[in-house]
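**Student:** I'd like to ask some things about the structure below.
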Ligand SMILES: Cc1cc2nc3c(=O)[nH]c(=O)nc-3n(C[C@H](O)[C@H](O)[C@H](O)COP(=O)(O)O)c2cc1C
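In the working numbering, the protein residues as written are 542 to 731.
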């Protein structure tokens with residue numbers, strides 16, 4: 542038997558946690574923790590982020606139309622939570638967390654060295670959806686720390702150890718590897 546909840550939520554779990562870096566036109570930089578992230582298209586590679594208009598980062602994203610999507614590992618949990626509970630209006634979050642800025646190659650925004658994967662994104666679409674503004678970002682460059690790279694430029698996800706978020710339930714890590722894409726199509730051996 543199922544219980545239909547009194548008030549439906551987004552209900553999708555888990556979602557990846559990201560540290561999004563952004564900048565205003567005067568060069569002030571900021572980092573925001575986001576969980577409402579998504580994959581939108583493969584070609585051109587496009588991701589989405591949903592940001593409340595009240596966030597300090599919101600105006601920066603709207604103004605310069607670029608962001609860095611930095612994917613932290615579990616070792617960065619304390620910094621991730623700190624960044625998601627402090628505003629750049631009051632504190633320089635790079636300074637407060639000790640995270641290291643690295644320059645992006647294509648878009649004018651800093652990336653975070655300590656994150657195994659960094660995406661450089663150019664905002665191609667913005668729209669309002671209820672409480673949040675949705676920014677669609679075309680991924681124009683992807684950086685992967687070489688220690689997390691496998692043959693064929695695949696990412697060693699187990700080693701990259703991403704942080705997952707379950708609304709109302711907190712932070713989690715990846716579980717066990719369950720099999721290859723297309724496993725159902727493989728012929729069984731006689
Ligand atoms: C795990 C986690 C996930 C979050 N996800 C989002 C999100 O998807 N969208 C959003 O607008 N705020 C989100 N927040 C809240 C912002 O990170 C937080 O309000 C932050 O202080 C805003 O920073 P800023 O004012 O410097 O932009 C999240 C916070 C945490 C801790």
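Every residue, glycine too, gets a C-beta built ideally from N, C-alpha and C.
Tell me the DSSP bridge mates of residue 735?
**Tutor:** Residue 735 is absent from the model: the chain starts at 542 and stops at 731.
**Student:** Let me know if residue 563 comes out buried or exposed under the rule of 16 or more other beta-carbons within 10 Å of its beta-carbon.
**Tutor:** On the chain shown, position 22 is the one that residue 563 refers to. The residue in question, residue 563, is buried, as its Cβ has 16 or more Cβ neighbours within 10 Å.
**Student:** Could you say if the region 687 to 705 and the region 671 to 679 meet the contact criterion of at least three C-beta pairs nearer than 8 angstroms?
**Tutor:** Flag = no, the region 687 to 705 and the region 671 to 679 do not touch.
**Student:** Beta-carbon within less than 6 angstroms of residue 586's beta-carbon, same chain only, minus the 5 sequence neighbours each way: which residues are those?
**Tutor:** Taking the chain shown and counting its residues from 1, one reaches residue 586 at position 45. Only 680 meet the Cβ criterion.
**Student:** Mind checking which residues open and close the alpha helix (DSSP H) that includes residue 682?
**Tutor:** As a working note, residue 682 is residue 141 in the chain shown. Taken as a continuous stretch (DSSP letters only), residue 682 belongs to no alpha helix (DSSP H), being part of the beta strand (DSSP E) at 673 to 685.
**Student:** Find the nearest neighbour of residue 638 within the set 629, 646 and 645, judged by alpha-carbon distance.
**Tutor:** The residue given as residue 638 occupies position 97 in the chain shown. For the residues 629, 646 and 645, the minimum Cα distance to residue 638 belongs to 629.
**Student:** Quick check: does the Cβ of residue 623 come within less than 6 angstroms of any heavy atom belonging to ligand 1?
**Tutor:** In the chain shown, counting from the first residue as 1, residue 623 sits at position 82. No - ligand 1 has no heavy atom lying nearer than 6 angstroms to the Cβ of residue 623.
**Student:** Under a three-way DSSP split, which group does residue 617 fall into?
**Tutor:** Translated into positions along the chain shown, residue 617 becomes position 76. If DSSP states are grouped into helix, strand and coil, residue 617 belongs with the helices.
**Student:** Alpha helix (DSSP H) containing residue 564: first to last residue?
**Tutor:** Residue 564 sits at position 23 when you count from the first residue of the chain shown. Counted as a single uninterrupted DSSP element, the stretch harbouring residue 564 is not any alpha helix (DSSP H) but the beta strand (DSSP E) occupying residues 559 to 564.
**Student:** In the DSSP assignment, the beta strand (DSSP E) including residue 602 goes from what residue to what residue?
**Tutor:** The residue you call residue 602 lines up with position 61 of the chain shown. It is not in any beta strand (DSSP E) - residue 602 instead sits in the alpha helix (DSSP H) that spans 597 to 605.
**Student:** Figure out for me which residue from 575, 583 and 666 has the closest Cα to the Cα of residue 625.
**Tutor:** Position 84 of the chain shown, counting from 1, holds the residue named residue 625. For residue 625, the nearest C-alpha among the options comes from 575.
**Student:** Between which two residues does the beta strand (DSSP E) carrying residue 694 extend?
**Tutor:** If you number the chain shown from 1, residue 694 lands on position 153. Residue 694 -> no beta strand (DSSP E), and no H or E assigned at all.
**Student:** Do residue 548 and ligand 1 come close, with the Cβ less than 6 angstroms from some heavy atom?
**Tutor:** The residue labelled residue 548 in the question sits at position 7 within the chain shown. No, since every heavy atom of ligand 1 falls outside the 6 angstroms radius drawn around the Cβ of residue 548.
**Student:** Quick check on residue 582: does DSSP put it in helix, strand or coil?
**Tutor:** Within the chain shown, numbered from 1, the residue matching residue 582 stands at position 41. If DSSP states are grouped into helix, strand and coil, residue 582 belongs with the strands.
**Student:** For residue 645, does the three-state DSSP call read helix, strand or coil?
**Tutor:** Here residue 645 refers to the residue found at position 104 of the chain shown. Reduced to three states, the DSSP call for residue 645 is coil.
**Student:** Which of the three DSSP states, helix, strand or coil, is assigned to residue 545?
**Tutor:** Position 4 of the chain shown, counted from the first residue, corresponds to residue 545. Residue 545: coil per DSSP, three-state reduction.
**Student:** Look at the alpha carbon of residue 701 and the alpha carbon of residue 621, and state the distance between them as a whole number of angstroms.
**Tutor:** Looking up residue 701 in the chain shown gives position 160. Looking up residue 621 in the chain shown gives position 80. Linking residue 701 to residue 621 through their CA atoms gives a straight-line distance of about 15 angstroms.
**Student:** Look at the alpha carbon of residue 665 and the alpha carbon of residue 571, and state the distance between them as a whole number of angstroms.
**Tutor:** Looking up residue 665 in the chain shown gives position 124. Looking up residue 571 in the chain shown gives position 30. Computed Cα separation, rounded: 20 angstroms.
**Student:** Count the other CB atoms, across all protein chains shown, that sit within 10 Å of the CB of residue 718; report buried if there are 16 or more and exposed otherwise.
**Tutor:** Here the question's residue 718 lines up with position 177 in the chain shown. That one is exposed.
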